[in-house]
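Trainee: Pasting a structure here, questions to come.
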Amino acid sequence: MSKQKRKNKLKKVVMFIICAFSIFLSTFSIFSTYQLHQTASMIYNHPYTVSNESRAMRSRLLDMKSFLLNIVAEPSWEIDNVQQLLNGRYNMQYNAIEIITNQYLGPSEDTIQLLNAMNDLKNTQNDSLPLILPMTKEETALYVEQNIYPKYDAVDAALTKIIAFADQKIKGLEKHSANTATTAILSSLLLTIFLPAYFLFAFWRERKNIREIQYREHLFDILSSNVDEVFLIYNKEHAELEYVSNNCQRVLGIKERSIFKETDSLLNLIINEDKTDFMEFIKPTGTTSSKSVEFRMKNPSGQVRWILAQSFPQISQDKIVRYIVSLSDRTEKIIKEQALKDALINAQNANAAKQNFLSRMSHEIRTPMNAIIGMTTIAGAYIEDRKRVEDCLEKIGYSSKHLMTLINDVLDMSKIDEGKMTIAHEIFNLESVAESITSIIYPQAAEKGITFSMPLIDLTDTILIGDSLRLNQILINLLSNAIKFTPPGGSIRMEIRQIQKKNGRIRLRFTVSDTGIGMSEEFVKRIFLPFEQENTSASNQFGGTGLGMSICKNLVTLMDGTISVNSELEKGSTFKVELDFDTAESKEEKSSYNHRVLEALKVLVADDDRDCCIHTTLLLENLGIKSKWVMTGAECVDEVLSAHKVGEEYDVCLIDWKMPDMDGIEVTRRVREFVGPNTTIIIITAYDWSSIEQKAREAGANAFLSKPIFASTLYNTLLTVTGIERAIKNNKDNQPNPVLNGLNVLLAEDNELNREIAVELLKMTGMKIDCVSDGKEAVERFTTNGDDYDIILMDVQMPYMNGYQATEAIRKSGHPKAKTIPIIAMTADAFHEDMVKAGEAGMNGHLAKPIDSEQLYKMIESSVSAKS
């Protein structure tokens, strides 16, 4: 055997040995790797899962315990809400127990103990909830500590045992895994040492070519990975894809192998409307120029993306051999372009809305101004005609209030936009609010021929704590809109319903419904936006600034309430406002009710409105009066006659004026015919009764009562008409205010007309006024005669020294009353920052012009009383 042959034979033997040894070591490494995989899977699937789930259970257990503490701290929870929240947490716990039971490698008794402890906790807690919710905070805490916390501890103990076993199991498996890894590493090292060096030379020979290929592929991978374009290479001769860039999934949401496996996978994701264009794009045309198409596709996650496809042919020997296709995602760019278009449209719409608003404001302001100027001219021309002058003054007053409402709407909107609107928290009487609204809305509705009603339902409390002015503003706004958009012959109803009373708070629902022109579904969605009206024709026909509904929405939100609207074109609209108020007991009101003097009465209520009947009888029962109600005039006559025959006559009949079968006057006439004058009859009406008073009294009516009916008016009316006791009436409004009468006022006002108005308003209450025309003179007058004054009314914009400077000078003057005398700003500066400036200057209050006399008197009275 030649030397070369021996070398070849030895080479083959060595190669065989090396290959066999390599196979052995490789097999051993694979086996070791498999063992590592099995160990890791066991750690993850069993003890690791058990440990994580157990710790998650413990965390949720602490959360449930904290929730229980919240119930103890805040005993106002409803049992249904508590049980619903707890059941959700228990479901999560039982799901975790099921996972732990399936994966736990320890004794089954441990998981059984955990399940039993959890069942025990759930049963104990569910049984305890009805007991602890009515308890006091201290009783609840003691009960929970004695009866429920031990159940939590039992669950926690079971979890601790399971976690300890799982953690111990993890440590054992980790140790086994480490040993296996060490063995595998040693085997790999041994394999590395004994791998045949024979292959090194072959590797070296191919190294250059491989490096060049890898480098080119690396560059292409970098390119495709860092751009948002997917590249495809299609071999036309073999009709197959040769290449898909590795960013395919990132850009298109499709894996590369999916496109290789099924070329239609991309086509299936294209929106149907765009498939025709895409098919035209991929159709071979023979042209050597590039082409492109834009289409939409829905990726596997459901997102619609805009894709730009471009095709570039590769030409060899005057024929196309391949197509290079790029797919780029243009979604973000299109979204940005659309956003810019939308922003431009919104800006144009906002500008148009503001222009329309300014146009409407100009019209709305000029209308009352025209009335004021015109009526002033007419009054001057007919100065000797008292009735004509009174009519002009009445219209001037109405127009002035309308103008003031417009200005206040703009100011309110400004405050809301700046976040400076504040809500008062003061005691008020809901009766006064309702009466005020009725006095404003009823004449407007009557003048237009619209029926207006205000039923009260389940209302037990009328002395409340909140912001009555803002409540009045909300309701007047809604009712004014209802009148504006309801044609003659229609009806408007404002229902006040008490829907909840709890812990000294009540929730009232104010429902304003009309039979007007209604609104479209599209406009309902934007009705609460500022400057919005249905359309230009509505603005031209009905007027308005488009701010009212936006102000209502913001005021309701500031009062922590809700407002909703339901409307249909040509069928009317319904607005619902829900607000919470604290209740306040009125000692004066309680002392005025002497139930004993009325408890012997027997009263019959007749009204076709079921809610009104129920509400009136509820008020009568609260006064200790026996009552019954019927819903028709005929039933009323029959009931009175039946009671008369058996000698159990009704002392008083409350009869609605308008009932469908028989009006209240006819019912009164028939009652008088059957039972004579012994029964007192009171006519109930939602309208001004002056037009029916004479006929009603001729028929036998004793008195009249306006809707809505409140406890105080009902009580006083019954006292008056029955002659049992003289009604308690509050005549304070007709008498000089004892606090204001005789007060000495220093008035600083540079405008002669404003000064004259203020003087006359102050004189009406018996106050004495000393006037100055600028801030400097006010300081000098106070420094000289300060002891003579009880209060200072200070204009802000004055010559020589403005109101702020004058106030600061007075406060620093050293006069004995300098620090204590009340100073109130009376100014046309009505923004929030103006109120802040007044306070910083040392003023005690701020009144915006034009001056409301009631607000002026109230602020003077409160300022003087606070000083006292």
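Position 25, counted from 1, in the sequence shown is what UniProt numbering calls 25; the numbers after and before it change by one each time, with no gaps.
Heads up, the beta-carbon is just placed ideally off N, CA and C, and yes, glycines get one too.
1. Using CA atoms only, rank isn't needed, just tell me which of 554, 304, 256 and 211 is closest to residue 231.
2. Between which two residues does the alpha helix (DSSP H) holding residue 611 run?
3. Quick check: what's the CA-CA separation for residue 609 versus residue 657?
4. Taking the straight line between their C-alpha atoms, what separation do you get for residue 641 and residue 439?
5. How far does the beta strand (DSSP E) with residue 682 in it extend, from its first residue to its last?
6. Rank 686, 63 and 282 by C-alpha distance to the C-alpha of residue 324 and give the top, closest one.
7. Between residue 549 and residue 486, what straight-line distance do the alpha-carbon atoms span, to the nearest angstrom?
8. My output table needs one value for residue 813: the three-state DSSP class, helix, strand or coil.
9. On a CA-only basis, which of 243, 80, 800 and 780 is nearest residue 812? Give me that one, please.
10. Mind checking residue 93: buried by the 16 CB within 10 Å criterion, or exposed?
11. Between the Cα of residue 741 and those of 857, 463 and 124, spot the shortest distance and give me the residue it belongs to.
12. Count the other CB atoms within 10 Å of the CB of residue 707; is the residue buried (16 or more) or exposed (fewer)?
13. Output yes or no for whether 7 Å exceeds the beta carbon distance between residue 773 and residue 788.
14. Hey, residue 699 and residue 720: beta-carbon distance below 7 Å or not?
15. May I ask which residues mark the beginning and end of the beta strand (DSSP E) holding residue 630?
16. May I have the straight-line CA-CA distance separating residue 690 from residue 664, to the nearest angstrom?
17. Figure out for me which residue from 20, 124 and 105 has the closest Cα to the Cα of residue 146.
18. Tell me whether residue 323 sits in a helix, a strand or coil according to DSSP, three-state version.
19. Specify whether the region 139 to 153 and the region 101 to 121 touch according to this definition: at least 3 beta carbon pairs, one from each stretch, less than 8 Å apart.
20. Excluding the 5 residues flanking residue 685 on each side, which residues of the same chain have their C-beta closer than 8 Å to its C-beta?
21. When we look at the beta-carbon of residue 238 and count the other beta-carbons within 10 Å, is it buried (16 or more) or exposed?
22. Quick check: what's the CA-CA separation for residue 591 versus residue 634?
23. Just mark residue 179 as buried or exposed, buried being the case when its beta carbon has 16 or more other beta carbons within 10 Å.
24. What does a CB cutoff of less than 7 Å around residue 113 pick up in its chain, not counting 5 residues either side in sequence?
25. By how many angstroms is the C-alpha of residue 471 removed from the C-alpha of residue 536?
26. Among residues of its own chain, excluding the 5 on either side of residue 327, which ones have a beta-carbon nearer than 6 Å to its beta-carbon?
27. Does residue 53 pass the burial test, meaning 16 or more other C-beta atoms within 10 Å, or should it be called exposed?
28. Which residue marks the beginning of the alpha helix (DSSP H) containing residue 99, and which one marks its end?
29. Figure out for me which residue from 620, 557, 801 and 817 has the closest Cα to the Cα of residue 791.
30. Out of 311, 296, 343 and 321, which one is the CA nearest neighbour of residue 331?
31. Following the continuous beta strand (DSSP E) through residue 144, name the residue where it begins and the one where it ends.
32. Counting Cβ pairs, one atom from each stretch, are 3 or more of them under 8 Å apart for the region 483 to 499 and the region 509 to 517?
33. Kindly indicate which residue of 758, 342 and 804 has the alpha-carbon position closest to the one of residue 849.
34. Could you check whether the region 570 to 586 touches the region 615 to 622, counting it as contact only if at least three pairs of C-beta atoms, one from each stretch, sit closer than 8 Å?
35. Could you have a look at residue 820 and say whether DSSP puts it in helix, strand or coil?
36. DSSP three-state label for residue 492, please.
Mentor: Once the coordinates are examined:
1. For this step, residue 231 is matched to residue 231 along the sequence shown. With distances taken between Cα atoms, residue 231 lies closest to 256.
2. In the sequence shown, residue 611 corresponds to position 611, counting from 1. Note, residue 611: alpha helix (DSSP H), 610 to 622.
3. In the sequence shown, the residue the question calls residue 609 occupies position 609. In the sequence shown, the residue the question calls residue 657 occupies position 657. Each residue's alpha carbon lies about 12 Å from the other.
4. Start at 1 with the first residue of the sequence shown, and residue 641 comes out as number 641. Start at 1 with the first residue of the sequence shown, and residue 439 comes out as number 439. Their backbone Cα atoms lie some 37 Å apart in a straight line.
5. By one-based count along the sequence shown, residue 682 stands at place 682. First-last of the beta strand (DSSP E) with residue 682: 680 to 685.
6. In the sequence shown, counting from the first residue as 1, residue 324 sits at position 324. The shortest C-alpha separation from residue 324 is found at 282.
7. Position 549 of the sequence shown, counted from the start, is the residue given in the question as residue 549. Position 486 of the sequence shown, counted from the start, is the residue given in the question as residue 486. A direct Cα-to-Cα measurement between residue 549 and residue 486 gives close to 17 Å.
8. On the sequence shown, residue 813 is found 813 positions in, with the first residue counted as 1. Reduced to three states, the DSSP call for residue 813 is coil.
9. Here residue 812 corresponds to residue number 812 of the sequence shown, with the count starting at 1. Ranking the options by Cα distance to residue 812, first place goes to 780.
10. Start at 1 with the first residue of the sequence shown, and residue 93 comes out as number 93. Flag for residue 93 reads buried.
11. If you number the sequence shown from 1, residue 741 lands on position 741. Closest option to residue 741, Cα to Cα, is 857.
12. In the sequence shown, residue 707 corresponds to position 707, counting from 1. Its Cβ being crowded by 16 or more others within 10 Å, residue 707 is buried.
13. The residue labelled residue 773 in the question sits at position 773 within the sequence shown. The residue labelled residue 788 in the question sits at position 788 within the sequence shown. No; because the gap between Cβ atoms is not below 7 Å, this pair is not in contact.
14. Locating residue 699 in the sequence shown gives position 699, where the first residue counts as 1. Locating residue 720 in the sequence shown gives position 720, where the first residue counts as 1. In this structure, residue 720 does not lie closer than 7 Å to residue 699 by Cβ.
15. For the purposes of this step, residue 630 is identified with residue 630 of the sequence shown, where counting begins at 1. Segment 626 to 630, the beta strand (DSSP E) holding residue 630.
16. Position 690 of the sequence shown, counted from the first residue, corresponds to residue 690. Position 664 of the sequence shown, counted from the first residue, corresponds to residue 664. Roughly 15 Å between the two C-alpha positions.
17. For the purposes of this step, residue 146 is taken as the residue at position 146 of the sequence shown. That would be 124, whose Cα lies nearest to the Cα of residue 146.
18. Reading the sequence shown from its first residue, position 323 is the one you call residue 323. Here residue 323 sits in strand by DSSP.
19. Cβ pair count under 8 Å is three or more, so yes.
20. Stepping through the sequence shown from its first residue, residue 685 is reached at position 685. Excluding residues within five positions, the ones whose Cβ falls inside 8 Å are 656, 657, 658, 664, 692, 704, 705, 706 and 707.
21. As a position in the sequence shown, residue 238 is number 238, starting the count at 1. It counts as exposed.
22. By 1-based counting over the sequence shown, the position of residue 591 is 591. By 1-based counting over the sequence shown, the position of residue 634 is 634. Unreliable positioning characterises residue 591 in this predicted model, as indicated by a pLDDT of 45, which lies under 50. A coordinate reading is not provided.
23. Here residue 179 is taken as the residue at index 179 of the sequence shown, counted from 1. Within 10 angstroms of the beta-carbon of residue 179 lie fewer than 16 other beta-carbons, which makes it exposed.
24. Taking the sequence shown and counting its residues from 1, the one referred to as residue 113 is at position 113. Hits under 7 Å: 158.
25. For the purposes of this step, residue 536 is taken as the residue at position 536 of the sequence shown. For the purposes of this step, residue 471 is taken as the residue at position 471 of the sequence shown. Bear in mind that the predicted position of residue 536 carries a pLDDT of just 48, short of 50, making it unreliable; the figure below should be weighed with that in mind. Roughly 30 Å between the two C-alpha positions.
26. For this step, residue 327 is matched to residue 327 along the sequence shown. So the list reads 230, 307 and 309, once near-sequence residues are dropped.
27. Mapped onto the sequence shown, residue 53 falls at position 53. With 16 or more Cβ atoms within 10 Å of its Cβ, residue 53 is classed as buried.
28. Counting from one through the sequence shown, the residue named residue 99 turns up at place 99. 79 to 103 is the extent of the alpha helix (DSSP H) around residue 99.
29. Here the question's residue 791 lines up with position 791 in the sequence shown. Among 620, 557, 801 and 817, the Cα nearest to that of residue 791 belongs to 817.
30. Along the sequence shown, one-based indexing puts residue 331 at 331. Nearest of 311, 296, 343 and 321 to residue 331, Cα basis: 296.
31. Locating residue 144 in the sequence shown gives position 144, counting from the first residue. Counting along the chain, residue 144 falls outside any beta strand (DSSP E), and DSSP gives it neither H nor E.
32. yes
33. Position 849 of the sequence shown, counted from the first residue, corresponds to residue 849. Comparing Cα positions, the closest option is 758.
34. no
35. As a working note, residue 820 is residue 820 in the sequence shown. Of the three classes helix, strand and coil, the one that applies to residue 820 here is coil, per DSSP.
36. Walking along the sequence shown from the start, residue 492 turns up at place 492. Three-state result, residue 492: strand.
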